[in-house]
Amino acid sequence: MSAKIIDGKAFAATVREKVGAHVARLKEEHGITPGLAVVLVGEDPASQVYVRSKGKMTVEVGMASFEHKLDVNTSESDLLALIAQLNADPKVHGILVQLPLPSHLDSDLVMNSIDPAKDVDGFHISNVGLLGTGQKSMVPCTPLGCLMMLRDHHGSLSGMNAVVIGRSNIVGKPMANLLLGDSCTVTIAHSRTRDLPGVVRQADIVVAAVGRPEMVVGDWIKPGATVIDVGINRIDKPEGGTRLVGDAHFDSCAAVAGAITPVPGGVGPMTIACLLANTITACCRANGLAEPEGLTA
Ligand code: GUN
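Per the numbering used here, the very first residue in the sequence shown carries number 1082; after that it's consecutive.
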């Protein structure tokens, strides 16, 4: 194996440390405690795990955590009323509504009801438009985490060929916009892309965000390229039990790549760290204070 392993777990810890230092400063110098509200509708087990983890880390960095757990049958009007209340609450600087929502709720409508200034997921249509036009916005957490790791590894990304595999609103599209903002030449590939291996072989940076276990293999990777693996897939082990794998086949890709993020311990830990970073950013903007450096795009 030749690739450098990009340690997302360690990097996320340094991001949380920076956030914690800013929280302490906001409290001491301005008497402000940044607050993050997380709304969970229903009892999806994976979402419950994420929400618990978000709450725990929010408190660990010294922020206030407000958790709202709603019944799976909550009506759209009741959810919108809660969001309106959080929008108006000065103690709440960031609002996150955990996805996926139960099917009777309109996710776009719900996301667009969050005050864009408190939209720490960056999913509100205003933030999507601001990012797409290169203006200051709230940036979705997973792509922000990927960008931070890429900048940390490469310094400048200017002029590099980047291929993003996956066109989701949560990862693929915002990731492509962020890479474009850092002057990469960007291709968004997806399930209908012709000759996907050939397209990926052109890439200096590959971001795999398709949700297909171990789809990207070493033969697709240009020697020395950087592979950022956003996938988190649970697969059966031949000997019984399960294990987590990414969208890239780790061993074959690591044999060719210059650097690669592992699963687990790569992109995953960065997502929550960036949620905390976005909450600090939102809090500083709301109070007319300078934003922390290195925690935004
Ligand atoms: N569910 C899976 N990923 C995310 C995310 O980044 N934000 C929210 N709100 N829900 C999610």
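Quick reminder that beta carbons are idealized off the backbone N, C-alpha and C, glycines included. In this text the structure is predicted, and so the values were computed from the model without any measurement.
Taking the beta strand (DSSP E) that Lys1150 falls in, what are its first and last residues?
1145 to 1151
Give the range of the alpha helix (DSSP H) segment to which Asp1310 is assigned.
That residue, Asp1310, is in no alpha helix (DSSP H); its beta strand (DSSP E) goes 1307 to 1310.
Just tell me which of Pro1304, Pro1319, Ala1257, Ser1272 has its CA closest to the CA of Met1296.
Between Met1296 and the set Pro1304, Pro1319, Ala1257, Ser1272, the nearest pair of CA atoms involves Ser1272.
How far does the beta strand (DSSP E) with Leu1161 in it reach, from first residue to last?
Note, Leu1161: premise wrong, no beta strand (DSSP E); alpha helix (DSSP H) at 1157 to 1169.
Would you be able to state if there are at least three C-beta pairs under 8 Å between the stretch 1117 to 1124 and the stretch 1086 to 1096?
no
Determine, for Leu1325, whether the minimum Cβ-Cβ distance to residues of chain D falls below 7 Å.
Within the model displayed, chain D is absent; a lone protein chain is all it includes.
Any heavy atom of the ligand GUN closer than 6 Å to the beta-carbon of Leu1180?
Result yes, Cβ under 6 Å from the ligand GUN.
When you compare only the Cα positions, how much space is there between Met1144 and Gly1375?
19 Å
For Val1100 versus Leu1357, is the C-beta distance shorter than 7 Å?
yes
Could you pull out every residue in the same chain whose Cβ sits closer than 7 Å to the Cβ of His1205, ignoring the five residues on either side in sequence?
Met1192, Asn1193, Ile1195, Pro1197
Report back the beta-carbon spacing between Pro1115 and Ile1361 to the nearest angstrom; my notes put them in contact at under 8 Å.
6 Å
If you run the structure through DSSP and keep just helix, strand and coil, what is Ile1251?
coil
Taking just the CA atoms, how far does Leu1190 sit from Ser1158?
11 Å
Applying the 10 Å Cβ sphere with the 16-neighbour rule, what's the burial state of Gly1322?
exposed
May I ask which residues mark the beginning and end of the beta strand (DSSP E) holding Asp1317?
Asp1317 -> beta strand (DSSP E) spans 1314 to 1317.
Measure how close the beta-carbons of Val1201 and Leu1117 come, nearest whole angstrom, since I'm counting them as under 8 Å.
7 Å
Return the chain-ordered list of same chain residues with a C-beta closer than 8 Å to the C-beta of Pro1181, the five sequence neighbours on each side being excluded.
If we look at Pro1181 and ignore the five residues flanking it on each side, its Cβ neighbours are Asp1125, Ser1128, Ser1188.
When the distance is taken between beta carbons, is Ala1329 closer than 7 Å to Val1311?
In this structure, the beta-carbon distance from Val1311 to Ala1329 does not fall below 7 Å.
For Lys1085, which residues does DSSP report across the bridge?
Paired residue(s): Ala1340.
Considering just the uninterrupted stretch of the alpha helix (DSSP H) at Gly1346, what are its terminal residues?
Where Gly1346 is concerned, there is no enclosing alpha helix (DSSP H), given that its DSSP letter is neither H nor E.
Alpha carbon to alpha carbon, how far is Ile1251 from Pro1221? Give it in angstroms, no decimals.
7 Å
Relative to the C-alpha of Asn1154, which residue among Lys1303, His1185, Glu1148, Thr1268 is closest?
His1185
Are at least three pairs of beta-carbons, each pair with one atom in the stretch 1106 to 1113 and one in the stretch 1129 to 1142, less than 8 Å apart?
no
Tell me the rounded alpha-carbon separation between Pro1345 and Leu1161.
35 Å
At which residue ranges does the stretch 1170 to 1245 contain complete alpha helix (DSSP H) runs of 4 or more residues, listed in the order of the chain?
1188 to 1192, 1206 to 1213, 1222 to 1235
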